[in-house]
Structures are given as structure tokens and as C-alpha cells.
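What follows is a short report on a single structure.
Numbering (the numbering used here), first residue to last: 217 to 245.
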């Protein structure tokens, strides 16, 4: 649930960071 645009952007940013970290770990293996 998105209560506001700011919280939504923060959540999207965290999701992007987690996704990028997953990609980096996959590449390193």
C-alpha cells in the first residue's frame, strides 16, 4: 500500500537496490 508519493518512491528505490544486489550476486557466482 502506498500512503504517499514520497513513501512510494522510497519503497521503489529499496526494491531497485534489492534487485540490483540480486543481479550482482548472480553475476559473481
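In this text, a Cβ means the ideal position worked out from N, Cα and C, and glycines have one as well.
If you draw a straight line from the C-alpha of residue i to the C-alpha of residue j, how long is it?
{"i": "residue 244", "j": "residue 237", "result": "11 angstroms"}
{"i": "residue 222", "j": "residue 240", "result": "27 angstroms"}
{"i": "residue 230", "j": "residue 242", "result": "18 angstroms"}
When DSSP labels each residue in this structure, what does residue i get in the three-state scheme?
{"i": "residue 220", "result": "coil"}
{"i": "residue 245", "result": "coil"}
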